[in-house]
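As structure tokens, the structure follows; a few thoughts come after it.
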């Protein structure tokens, strides 16, 4: 079961059970997937990288022209929901803001706190992926602001369909490839490659700016690794010692198969997990 | 104000005011834009093309692997909401089905009945449009089922952003162009061209199968017009006598400017409006 807390500037945060009806049927978040969100991991009651997630949500909101409550209102609500309960040592915190009712009015803003799905935790031990065409090229999409490439909007139907397609075809997740042949990202993750003590991730054009990769890069730089962004192709995946999907809740998922071809976990796995402070690593 | 009616197989339809909270905060429709929808016009209490909309919603649901209630359950709910009130001579009826709560369970299904926006009705007198890059090519997208091209999902953030971009740049709506240079569709409409008594619309690859254009084509064929699908480019728009955006609620909107260049309403306007039975035409 999850908890939900509403975020209404100037009003005390109200925490309810997620089985309560909370959203109007004519909310633009429901009718049009029109809104933005963030998700992060809560470890022993403390959300990871909360300021970075609030900052990225503000960037996404700017891309869809949505006025969000101030970060303080979100922080108050998050404190309120964490005070009621963080169900497990690891929990998932989601922040959501929609455009509100179709007839106009304030955005609908809330946070949810719930368990981390077992399937998400299992990916920390390895995930098989399919390479799937994303249908566009990242650098081209980045030039067209109405395409919202790089915004974390509620319109995730394609991301969800790609993950269903992977599962129906014997894999656990997806890495999207642009129509120009460049590696983009996963439906809910950043792609990371490692060879020796060099880490590589695709450049930011047309993809979401990953918060967990940024945290990893900061820690890895301090530890003497080389960290870089570079245009990557499927051939680069084949040549890398290790490949990972990294994201805020699953954290670090080693890719153990691509398009049905098994591959070894990179020898960097244990050190990367320590750098990222993966619980239990 | 709008009315909302729930669709739960085996239970009587319940009609409520749209200001009531009805949806859980952890519904996948809210969290991921994961669901499908349809919208149609209600004229004097009768929804237009209802069977066709229910059939298309079933196709979209198949593309996202969502089990919908039977058409009869929808029809019962629609009868119930229409019995309570069709607020104006013309009203907008929307059918929505989401994947339901994140933790699993039945889809969340409901219909809304509300007024037609004045801005929608105004488009029947003319609309200026921008040509905007859709970021992908229709035929390529049609080959990748996970891209959901041609499914009417709740993930409309890009469509909404494109319409905002148009309004911020002095236009009323958008015609999307594929990365291969072919005309695709509007964010919420089919594109129609007329020259003489020949009507042309883009082929179905990667775009939504328009119900209103199908109705128009049936009526126009009976009246002796030539109706066809053809790959169209921006140059074809320039050469056509008339261009329209057609959709289920606005019906027929003559394009009166493209990228800021004014153009005349096609001489076919009045006859097309009669063929489509536009109220008041």
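Chains as they are written, first to last, in the working numbering: chain A, -6 to 274; chain B, -6 to 274.
Backbone N, C-alpha and C fix where the C-beta goes; we use that ideal spot for every residue, glycine too.
Taking only beta-carbon positions, decide if residue i is within less than 8 Å of chain B.
i	result
residue 26/A	yes
residue 172/A	yes
residue 89/A	yes
residue 236/A	no
residue 240/A	no
residue 105/A	yes
residue 252/A	no
residue 22/A	yes
Is there a Cβ from chain A that is less than 8 Å from the Cβ of residue i?
i	result
residue 187/B	no
residue 67/B	no
residue 16/B	yes
residue 11/B	yes
residue 141/B	yes
residue 99/B	no
residue -5/B	yes
residue 8/B	no
residue 198/B	no
residue 42/B	no
residue 229/B	no
Is there at least one non-hydrogen atom of the ligand FMN closer than 7 Å to the beta-carbon of residue i?
i	result
residue 75/A	As for the ligand FMN, it is missing from this structure, which has no ligand bound.
State the beta-bridge partners of residue i as determined by DSSP.
i	result
residue 144/B	Its beta-bridge partners do not exist; DSSP assigns none.
residue 83/B	36/B
residue 167/A	123/A
residue 200/A	The partner list for residue 200/A (beta bridge, DSSP) is empty, contrary to what the question assumes.
residue 172/B	None; residue 172/B has no bridge partner.
residue 221/A	193/A
residue 182/A	179/A
residue 17/A	14/B
residue 235/B	187/B
residue 227/A	For residue 227/A, which the question treats as bridged, DSSP gives no partner whatsoever.
residue 240/A	244/A
residue 31/A	88/A
residue 212/A	None, per the DSSP bridge assignment.
residue 159/A	DSSP lists no partner for residue 159/A.
residue -1/A	103/A
residue 206/A	Residue 206/A is not bridged to any residue.
Mind checking whether residue i and residue j have CB atoms under 8 Å apart?
i	j	result
residue 141/B	residue 250/A	no
residue 199/A	residue 97/A	no
residue 29/B	residue 13/B	no
residue -2/A	residue 73/A	yes
residue 94/A	residue 19/A	yes
residue 240/B	residue 183/B	yes
residue 201/B	residue 194/B	no
residue 62/B	residue 138/B	no
residue 124/B	residue 209/B	no
residue 229/A	residue 172/A	no
residue 70/B	residue 104/B	yes
residue 260/B	residue 235/B	yes
residue 212/A	residue 147/A	no
residue 238/B	residue 57/B	no
residue 167/A	residue 180/A	yes
residue 64/A	residue 75/A	no
residue 242/B	residue -5/B	no
residue 83/B	residue 34/B	yes
residue 244/B	residue 205/B	yes
residue 59/A	residue 92/A	yes
residue 143/A	residue 155/A	no
residue 16/B	residue 16/A	yes
The stretch 205 to 222 of chain A: positions lying closer than 7 Å to chain B by Cβ: none
Taking a Cβ distance cut-off of 9 Å, strictly less, list which residues of the stretch 144 to 176 of chain B are near chain A, in chain order. 144, 146, 147, 148, 149, 150, 151, 152, 153, 154, 155, 156, 157, 158, 159, 161, 167, 172
Contact list for the stretch 116 to 138 of chain B against chain A, Cβ threshold 9 Å: 125, 126, 127, 128, 129, 130, 133, 134, 136, 137, 138
Could you name each continuous alpha helix (DSSP H) segment of 4 residues or more that falls completely within the stretch 105 to 143 of chain B, going from the start of the chain to the end? 111 to 115, 131 to 135
Residues of the stretch 53 to 66 of chain A with a CB closer than 9 Å to any CB of chain B: list them in chain order, please. 56, 57, 58
3-residue-minimum beta strand (DSSP E) runs that sit fully inside the stretch 48 to 103 of chain B, ordered along the chain: 83 to 91
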